[in-house]
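J.: Submitted below is the structure of interest, expressed as structure tokens.
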DNA sequence: TTGACTACCTGAGGCATCCTCAGGTTAACT
DNA sequence: AGTTAACCTGAGGATGCCTCAGGTAGTCAA
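Chains as they are written, first to last, in the numbering used here: chain A, 782 to 979; chain B, 782 to 979.
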């Protein structure tokens, strides 16, 4: 799937530009994975076989590069929230989605922080995606609440706080440990209501 | 209370040295509070009225400076865990301590990350303090578990994961929001057992 | 009080990274 | 083939990290 740029595919312009765009993005993904969101952009440019100015031409900001590097994964997460599942399996759908969210939020070190900031700061490259995730999460949470399987007083903002916390723990888990899933399981046991309540 | 240096008061040496040490520490606290743990050390030195080399003389590493800047607060937290409270109010003691821990962990932006890394990485300036906190937390958790008020399968490591997550959320809460306390409350409701179980 | 001794301080400087911009290059279209 | 402008390059100013050679001054003993 050729990624053509932010929001609207309006940059099928010069072939060399597209090629460099793709190369930079691939290099950035590798660098972020290895060194976190504060990886050296000059290093990224070097690995992409491109001068530093070219990188800044395509991605005027580090945040823009992060946004582009995570767009596919996060939009996948948004799509996953779109299949509405009221009724019987609303809780299962929600919990499965939460697991996916935590995984995506901790794609590389530093991402959760960027997303958390983008969530409430419009004018950030990732804000649109965050807003979409917020809507999707609200949908799933509402369904599970209507089904009587999740405590009714839980806000969507609070849900994302929990997801962010879990993702951060996963990012920063000590060597050998993997705090994410267990964290989420513990949290969930405090949110879920017994099945009989319905 | 004059802070005389790491671990053992073995540096009541020259008066100017002590004076600069204190000035740097005060400036660092202010800078960390304002800009997070990655504040400019050259700026800190400037605000302390000292050359950059002097800062590095007293604190060879940014981590050492962070350790010194947080030592008082964290040792207070450790002391708070030392008063053993078995029996009736074990749960209350634990929850109160957890609230204090979250507050101290989020003294400034970036601290939780440093502490989380120090927890399992000996050779870090903050490791000793982290180990002490780990022991204290284990004590309080054990008491609450023996009193039958907290689920028995919760590890001390997991407790600290939850505390770290809450602290991170508090650090990164959106403007106006204060996710920490609510986060902790939600988590606790998943950990606590009904009183009747005793 | 004076004379070491040495802990202490200074700040230039090498290195990394960020980000900009003036000028050269070339893909694409006529 | 000629024209246009999108694209690329890389030098360079700014900031921050950290080190080190050389100068300064607190302290103590005589």
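Positions of the beta carbon are idealized from the N, C-alpha and C atoms, including for glycine.
1. Please confirm if the stretch 876-884 of chain B is in contact with the stretch 856-867 of chain B, defined as three or more CB-CB distances below 8 Å between the two stretches.
2. Measure from the alpha carbon of residue 974/A to the alpha carbon of each residue in 902/A, 930/A, 849/A, 955/A, then state which is nearest.
3. Under 8 Å between C-beta atoms, does residue 818/B make it to chain A?
4. Does DSSP classify residue 825/B as helix, strand or coil?
5. Could you check where the alpha helix (DSSP H) with residue 886/A kicks off and where it finishes?
6. Name the two residues that bound the continuous alpha helix (DSSP H) containing residue 940/B.
7. Could you check whether residue 835/B and residue 801/B sit closer than 8 Å to each other, using their CB atoms as the reference points?
8. If we cut at 8 Å on Cβ distances, does residue 978/A have a partner in chain B?
9. Taking DSSP as the reference, what is the three-state secondary structure of residue 973/B?
10. Give me the Cα-Cα distance between residue 804/A and residue 827/A, rounded to the nearest whole angstrom.
11. Go ahead and pull the three-state DSSP assignment for residue 831/B.
12. Is it buried or exposed for residue 960/A, if we count other Cβ within 10 angstroms and need 16 for buried?
13. Which residue wins for smallest C-alpha separation from residue 870/A, given the options 969/A, 924/A, 947/A, 932/A?
14. Please confirm whether any heavy atom of the ligand FAD lies closer than 7 Å to the CB of residue 819/B.
15. Which value, in whole angstroms, describes the spacing of the CA atoms of residue 905/A and residue 864/B?
16. What residue from 920/A, 833/A, 968/A, 910/A has the CA that sits closest to residue 948/A's CA?
17. Beta-carbon of residue 970/A versus every beta-carbon of chain B: anything under 8 Å?
18. Buried or exposed for residue 819/A, going by 16 or more other Cβ atoms inside 10 Å?
T.: In this structure, then:
1. yes
2. For the purposes of this step, residue 974/A is identified with residue 193 of the first chain, where counting begins at 1. Of the listed residues, the one whose Cα sits closest to residue 974/A is 930/A.
3. As a working note, residue 818/B is residue 37 in the second chain. By this cut-off, residue 818/B is not an interface position.
4. The residue you call residue 825/B lines up with position 44 of the second chain. Helix at residue 825/B.
5. Here residue 886/A refers to the residue found at position 105 when the first chain is read from its first residue. Unbroken alpha helix (DSSP H) run through residue 886/A: 871-886.
6. Mapped onto the second chain, residue 940/B falls at position 159. Looking at the DSSP string, the run of the alpha helix (DSSP H) that includes residue 940/B is 937-952.
7. Stepping through the second chain from its first residue, residue 801/B is reached at position 20. Stepping through the second chain from its first residue, residue 835/B is reached at position 54. Result yes, Cβ atoms of residue 801/B and residue 835/B sit closer than 8 Å.
8. Position 197 of the first chain holds residue 978/A. Summary for residue 978/A: the model assigns pLDDT 45, below 50, so the residue's position carries little reliability; its value from the coordinates is reported in the next sentence. Output row for residue 978/A: interface = no.
9. As a first step, residue 973/B is located in the second chain; it is residue number 192 there, counting from the start. The answer is strand: DSSP assigns residue 973/B an E or B state.
10. To locate residue 804/A, count along the first chain from 1; it is residue 23. To locate residue 827/A, count along the first chain from 1; it is residue 46. Looking at the two C-alpha atoms, the distance is approximately 10 Å.
11. By one-based count along the second chain, residue 831/B stands at place 50. Reduced to three states, the DSSP call for residue 831/B is coil.
12. The sequence position of residue 960/A within the first chain is 179, counting from 1. Buried, since its Cβ has 16 or more Cβ neighbours within 10 Å.
13. Locating residue 870/A in the first chain gives position 89, where the first residue counts as 1. Closest option to residue 870/A, Cα to Cα, is 924/A.
14. Looking at this structure, you won't find the ligand FAD or any other ligand, since it has none at all.
15. Counting from 1 along the first chain, the entry for residue 905/A is found at position 124. Counting from 1 along the second chain, the entry for residue 864/B is found at position 83. Using only the alpha carbons, I get a separation of about 47 Å.
16. Residue mapping note: residue 948/A aligns to position 167 of the first chain, counting from 1. Minimum Cα distance to residue 948/A is reached at 968/A.
17. Reading the first chain from its first residue, position 189 is the one you call residue 970/A. Taking Cβ atoms only, chain B reaches closer than 8 Å to residue 970/A, which makes this a yes.
18. Mapped onto the first chain, residue 819/A falls at position 38. It is exposed - the Cβ of residue 819/A has fewer than 16 other Cβ atoms within 10 Å.
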